[in-house]
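To start, the structure itself, in structure tokens.
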Amino acid sequence: MRSQSTACIFAVNQLQVNMRRDIFQAIADPTRRSILGLLALGAMTPNAVAEHFDSARQTISKHIQILTECEVLIQKKTGREIYYHFNPEKMKEIDIWLERFRKLWEDRFDQLDNLLNDL
Amino acid sequence: MTNNLVFETDLAAKTIHIVREFNAPIEKVWKAWTDPDLLEKWIAPKPWTAVTKIWNFTVGGKWLYAMVGTEGQKHWVYAEFTAIENGSAISTTGMFCDGDGNPVTGGPKSYRDTKFSTIDGNRTKVDSVITFDEEATIKMFVEGGFKEGTAMSLNNLDELLAAE
Chain A
284 MRSQSTACIF AVNQLQVNMR RDIFQAIADP TRRSILGLLA LGAMTPNAVA
334 EHFDSARQTI SKHIQILTEC EVLIQKKTGR EIYYHFNPEK MKEIDIWLER
384 FRKLWEDRFD QLDNLLNDL
Chain B
6 MTNNLVFETD LAAKTIHIVR EFNAPIEKVW KAWTDPDLLE KWIAPKPWTA
56 VTKIWNFTVG GKWLYAMVGT EGQKHWVYAE FTAIENGSAI STTGMFCDGD
106 GNPVTGGPKS YRDTKFSTID GNRTKVDSVI TFDEEATIKM FVEGGFKEGT
156 AMSLNNLDEL LAAE
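Below you can see the structure in the form of structure tokens.
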């Protein structure tokens with residue numbers, strides 16, 4: 284039922300997990316999602332990315348930094364320019380997590396079906 | 006008969022929408038969700054079992070139960086009832102617990118709103134929306150699923166439970 288929290292489940296040690304950035308943080312912001320969409324099409328320099336947005340270059344730069352920390356973008360130096368590459372492997376974490384969460388609910392509901400039959 | 010499971014996520018909005026139909030009248034389904042003895046029989050996917058420690062089904066009341074693994078490991082699940090419409094809706098706030106099942110104040114929270122409705126005369130639809138209050142909550146699912154605990158394999162049901 285309801286409960287759920289998700290939460291408690293991880294108990295204490297989970298709270299001590301360091302708050303490294305992750306993929307969920309990467310996609311939490313609409314501008315970052317747009318940047319990911321852009322870079323999924325091909326690697327670009329930060330300047331080239333910034334040209335696609337009205338926001339200040341610094342703002343875009345900050346978003347790129349966060350995405351890099353989340354490891355969904357990878358920096359590669361080509362000559363004097365730094366190019367940012369999209370890292371699709373990282374995005375898979377989302378699917379994997381969600382699939383397991385979905386499976387949990389499926390299993391639970393199947394058990395509830397059985398219980399309801401017996402009530 | 007299909008039970009039409011819906012599982013939709015909106016990660017940007019930090020919500021998960023879960024809908025399921027049951028071939029039983031709403032009174033029975035409601036009972037299965039609000040009677041701790043019945044809840045224990047379905048809430049923990051096998052081989053885990055659920056043991057209720059606190060059950061106070063009133064607004065402001067708490068539900069604390071442990072999911073117990075085959076080796077005795079416990080994952081506490083804590084929820085506070087924030088709204089109850091008898092026979093039709095329940096809202097709860099979920100919080101993290103410490104190893105003894107005490108909720109950690111100031112930690113990330115999740116909110117769930119569940120509605121029960123009659124369909125096809127004698128069947129029931131249950132519609133739940135879970136909202137996470139900050140990315141940290143979802144993050145912990147991920148940490149829990151990928152990095153914490155013991156002997157994790159991605160296919161391990163234990164983890165799946167941890168992701169709950």
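Chains as they are written, first to last, in our numbering: chain A, 284 to 402; chain B, 6 to 169. Here a beta-carbon is modelled for each residue, glycine too, at the ideal position from N, C-alpha and C. Remember, predicted model here, so these are calculated numbers, not experimental data.
Please work out which residues of its chain come closer than 8 Å, Cβ to Cβ, to residue i, disregarding the five sequence neighbours upstream and downstream, and give them in chain order.
i                : result
Val34 of chain B : Phe27, Phe121, Thr129 and Val131
Ser14 of chain B : Position check: residue 14 of chain B holds Thr in this sequence, whereas Ser was assumed. Counting only Cβ-Cβ distances below 8 Å, and skipping sequence neighbours, we find Thr20, Ile21 and His22.
Glu45 of chain B : Thr54, Ala55, Val56, Thr57 and Tyr70
Using 8 Å as the limit for Cβ to Cβ distance, is residue i near chain B?
i                 : result
Gln394 of chain A : yes
Leu321 of chain A : no
Leu350 of chain A : no
Ile292 of chain A : Bear in mind that a pLDDT of 36 at Ile292 of chain A, under 50, signals an unreliable position, so the number given afterwards is only what the model happens to contain. Closer than 8 Å to some Cβ of chain B, the Cβ of Ile292 of chain A qualifies, so yes.
Leu356 of chain A : no
Leu324 of chain A : no
Quick check: is the beta carbon of residue i nearer than 8 Å to any beta carbon in chain A?
i                : result
Trp60 of chain B : no
Ile48 of chain B : yes
Leaving out five residues on either side along the sequence, give the residues of the same chain with a beta carbon under 6 Å from the beta carbon of residue i.
i                 : result
Ile4 of chain B   : Summary: the structure shown does not reach residue 4 of chain B, with chain B confined to residues 6 through 169, and so no result is reported for it.
Ile357 of chain A : His368 and Asn370
Ala49 of chain B  : Ala55 and Met72
Glu31 of chain B  : The identity of residue 31 of chain B in the sequence shown is Ile, whereas the question assumes Glu. Result list for Ile31 of chain B: Phe121, Thr123 and Thr129, in chain order.
Leu10 of chain B  : Arg25
Asp40 of chain B  : none
Using the beta-carbon of each residue, which ones in chain B are nearer than 8 Å to residue i?
i                 : result
Leu402 of chain A : Ala29, Lys33, Lys36, Ala37 and Leu43
Leu398 of chain A : Ala37, Leu43, Lys46 and Trp47
Anything in chain B within Cβ reach of residue i, meaning under 7 Å, just list it in chain order.
i                 : result
Arg340 of chain A : Result: empty, since nearest Cβ-Cβ is about 24 Å, beyond 7 Å.
Glu389 of chain A : Leu10
Arg385 of chain A : Phe12
Please go through the same chain and pick out, in chain order, the residues whose beta-carbon is closer than 7 Å to the beta-carbon of residue i, but skip the five residues on each side of it.
i                 : result
Cys291 of chain A : Residue confidence for Cys291 of chain A is low, a pLDDT of 34 falling below 50, so the modelled location carries little weight; the figure read from the coordinates is stated next. Result list for Cys291 of chain A: empty, nothing under 7 Å.
Pro52 of chain B  : Thr75
Ile306 of chain A : Cys353, Val355, Lys373, Met374, Glu376 and Ile377
Assuming residue i contacts residue j (C-beta within less than 8 Å), just tell me the rounded distance between them.
i                 : j                 : result
Lys79 of chain B  : Met100 of chain B : Contact flag wrong, Cβ pair sits at about 16 Å.
Leu399 of chain A : Ala37 of chain B  : 6 Å
Ile318 of chain A : Ile365 of chain A : Actually they do not touch by this definition, with Cβ atoms about 15 Å apart.
Trp68 of chain B  : Gln394 of chain A : Rounded, the Cβ-Cβ distance is 18 Å, inconsistent with contact.
Phe392 of chain A : Arg117 of chain B : Phe392 of chain A to Arg117 of chain B, Cβ: 15 Å. No contact.
Ala84 of chain B  : Thr63 of chain B  : Not confirmed; about 13 Å, so no contact.
Thr314 of chain A : Phe336 of chain A : 7 Å
Phe86 of chain B  : Gly106 of chain B : Not a contact, Cβ separation roughly 17 Å.
Is residue i near the ligand NAD, judged by its Cβ being under 7 Å from some heavy atom?
i                : result
Met72 of chain B : Judged by which ligands are present, the structure shown has none, so any question about the ligand NAD falls away.
With 8 Å as the limit, tell me which residues of the segment 12-37 of chain B have their beta carbon closer than that to any beta carbon of chain A; keep them in chain order. Going along the segment 12-37 of chain B in chain order, one finds Phe12, Thr14, Leu16, Ala17, Lys19, Ile21, Ile23, Arg25, Phe27, Asn28, Ala29, Lys33, Val34, Lys36 and Ala37 with a Cβ nearer than 8 Å to chain A.
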